[in-house]
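*Asks:*
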Amino acid sequence: MLPCPGAATAPPLTTNELDPPLTVAPAQPLASPPVAPSQLTQPPPATVVTNRDPLPQRPTGELFPLWPTNTLLETQVPLRDWADYYALPAPRRIGEFPQPTYEVRAGGGRALLRIGSPRATIRGVDVLLTHVPQLLGGQPVLHRLDLQKSLHPLLWVDDAAPLLTTNRIIVIDAGHGGKDVGTGTGDGRHFEKTYTLDWALRLRPLLERQGLQVVMTRTNDVEVPLAHRVFIAEEAGAALFISLHFNSAQPVPSRKGLETYALTPPGMPSTFVRDGEDNPRLAFPNNAHDRENLQLAWRIHRAVLNTTHATDRGVQRARFLGVLRGQGRPAVLVEGGYLSNPEESRRIADPQYRQRLAEGVADAVRELVRAPLVRASAATPPEGPAKKTSPPAQ
Ligand SMILES: [Zn+2]
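Plus 37 on top of the position in the sequence shown (first one is 1) and you've got the working numbering.
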């Protein structure tokens, strides 16, 4: 799969180049090497601890503590232990084909986990895990990081998620522009840059009608370097950043559907890698928003699927996306469909379809506008995992 080319042209950063210093915690030593995406269909090395005792002590006073990381159950965590820890109903095996499928319920929603497949369905939306669930000793086990970084933020996602609470400024980033045409339709007559700009221009008034202040990285056919797109958001002090793109997979013209990307959290392999660039030991400024990034991606992905009925290719993680890595705010990148697929290309060429793409993003943001603004002094990102203020619906 090839994404639109402009999404990845920023040079890679190293941890030494990050300024200010990372706010993320030092990476825990990995008990096993991360699994490359090409190996996702193969179970990672089995390092599960089958001894179920002792379970980590659930701290009092914290409604939603993350699974502790300094326990014996460091890498592969039995799903039933994780459910026990959060006082959830025991996972249920609800299907056998094409893979054994387990259901875990929490926070008013459910996650479906498929043995041997990275594709999970969390509250109705497909999310690609970075390690495939396995059966060990007859029990489903998941990687600790998938539980912490994928299931936890989405099973307990709620309307009070701190995504648009500091201000009402949102940056809409129309991908590519000018000489950077992005990808194109199979006949070479239409380019991504035109469709992303049209999508953004349709989205702007929908957001402004919600009382949001919209900042555009471009409003016409000009080239804007990726670093400048980040700078625009920084200068505006924006609360959110949403980048709009279209996709291509020339060797696989049958591929179609919606993908929404958040930056890969440190320690995890990406679900999509480009040019071999995926070092799980790197962390970027935007990783301070891992939880909010995923929640925003999930909301947008769900809402755009609702308005377009596009094929669900899942919420995904990538590390090469230069327009996301340096963002000091929740930021996502939406790939609104494959221009290389003749059927989807025809849909994208229809202005009414692009209007539905815009309405989907606007619907997702509308859910966030209800949250009250908080004073700047109270808007400092919390240390460690976000704390919830109300219990989940069980
Ligand atoms: Zn693109």
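Think of the CB as a built atom: it goes at the ideal place given N, C-alpha and C, for glycine as much as any other residue.
#1: Does the distance from the CB of R336 to the CB of E404 come in under 8 angstroms?
#2: Counting pairs of Cβ atoms below 8 angstroms between the region 207-218 and the region 249-258, do you hit three or more?
#3: Can you confirm whether the region 262-278 touches the region 383-398 when touching is taken to mean that 3 or more C-beta pairs between the two stretches lie within less than 8 angstroms?
#4: Considering just the uninterrupted stretch of the alpha helix (DSSP H) at I337, what are its terminal residues?
#5: Just the Cα atoms here: how many angstroms apart are V259 and G174?
#6: Could you pull out every residue in the same chain whose Cβ sits closer than 8 angstroms to the Cβ of Y390, ignoring the five residues on either side in sequence?
#7: Check each candidate in Q332, L295 and P367 and name the one with the smallest Cα separation from V341.
#8: Going by Cα to Cα distance, which pick from P379, H168, L191 and D349 is closest to V289?
#9: What residue does the alpha helix (DSSP H) around G210 start on, and which one ends it?
#10: Does the region 318-325 come into contact with the region 355-368, if we say contact requires no fewer than three beta-carbon pairs (one atom in each stretch) closer than 8 angstroms?
#11: At the level of alpha carbons, what is the spacing between A120 and R226?
#12: With a cut-off of 8 angstroms on the beta carbons, I'd call R354 and E314 a contact; round off their distance for me.
#13: Does Y232 come out as helix, strand or coil in the three-state DSSP assignment?
#14: Among residues of its own chain, excluding the 5 on either side of L240, which ones have a beta-carbon nearer than 7 angstroms to its beta-carbon?
#15: If you count every other CB in all the chains shown that lies within 10 Å of the CB of G145, and 16 or more means buried, which is it?
#16: Comparing C-alpha positions only, which one of N343, G373, T301 and L300 sits nearest to S285?
#17: With the cut-off set at 8 angstroms, would you say P170 and I152 are in Cβ contact?
#18: With the cut-off set at 8 angstroms, would you say R129 and Y122 are in Cβ contact?
*Replies:* Considering the structure as presented:
#1: The residue given as residue 336 occupies position 299 in the sequence shown. The residue given as residue 404 occupies position 367 in the sequence shown. For R336 and E404, yes; Cβs fall inside 8 angstroms.
#2: In this structure the region 207-218 touches the region 249-258; the number of beta carbon pairs closer than 8 angstroms is three or more.
#3: no
#4: By one-based count along the sequence shown, residue 337 stands at place 300. That run of the alpha helix (DSSP H) goes D327 to T345.
#5: Walking along the sequence shown from the start, residue 259 turns up at place 222. Walking along the sequence shown from the start, residue 174 turns up at place 137. Roughly 58 angstroms separates the two Cα atoms.
#6: Taking the first residue of the sequence shown as 1, we reach residue 390 at position 353. Only T345 and R384 meet the Cβ criterion.
#7: As a position in the sequence shown, residue 341 is number 304, starting the count at 1. For the residues Q332, L295 and P367, the minimum Cα distance to V341 belongs to L295.
#8: Residue numbering aside, residue 289 sits at position 252 when the sequence shown is read from its first letter. Selected option, being the one with the closest Cα: P379.
#9: Sequence index remark: in the sequence shown, residue 210 carries index 173 (1-based). Gly is not the amino acid found at residue 210; the sequence shown has Asp there. Segment I206 to A211 is the beta strand (DSSP E) holding D210; no alpha helix (DSSP H) there.
#10: yes
#11: Position 83 of the sequence shown, counting from 1, holds the residue named residue 120. Position 189 of the sequence shown, counting from 1, holds the residue named residue 226. Roughly 52 angstroms separates the two Cα atoms.
#12: Here residue 354 corresponds to residue number 317 of the sequence shown, with the count starting at 1. Here residue 314 corresponds to residue number 277 of the sequence shown, with the count starting at 1. Actually they are not in contact, since the Cβ atoms of R354 and E314 sit about 13 angstroms apart, beyond 8 angstroms.
#13: Mapped onto the sequence shown, residue 232 falls at position 195. If DSSP states are grouped into helix, strand and coil, Y232 belongs with the helices.
#14: In the sequence shown, counting from the first residue as 1, residue 240 sits at position 203. If we look at L240 and ignore the five residues flanking it on each side, its Cβ neighbours are I209, A395, V398 and A399.
#15: For the purposes of this step, residue 145 is taken as the residue at position 108 of the sequence shown. Exposed: under 16 other Cβ atoms inside 10 Å.
#16: If you number the sequence shown from 1, residue 285 lands on position 248. Of the candidates N343, G373, T301 and L300, the one whose C-alpha sits nearest the C-alpha of S285 is G373.
#17: Translated into the one-based positions of the sequence shown, residue 170 becomes position 133. Translated into the one-based positions of the sequence shown, residue 152 becomes position 115. Their beta carbons are under 8 angstroms apart, which means P170 touches I152 by this criterion.
#18: Translated into positions along the sequence shown, residue 129 becomes position 92. Translated into positions along the sequence shown, residue 122 becomes position 85. Not in contact: R129 and Y122 (Cβ atoms no closer than 8 angstroms).
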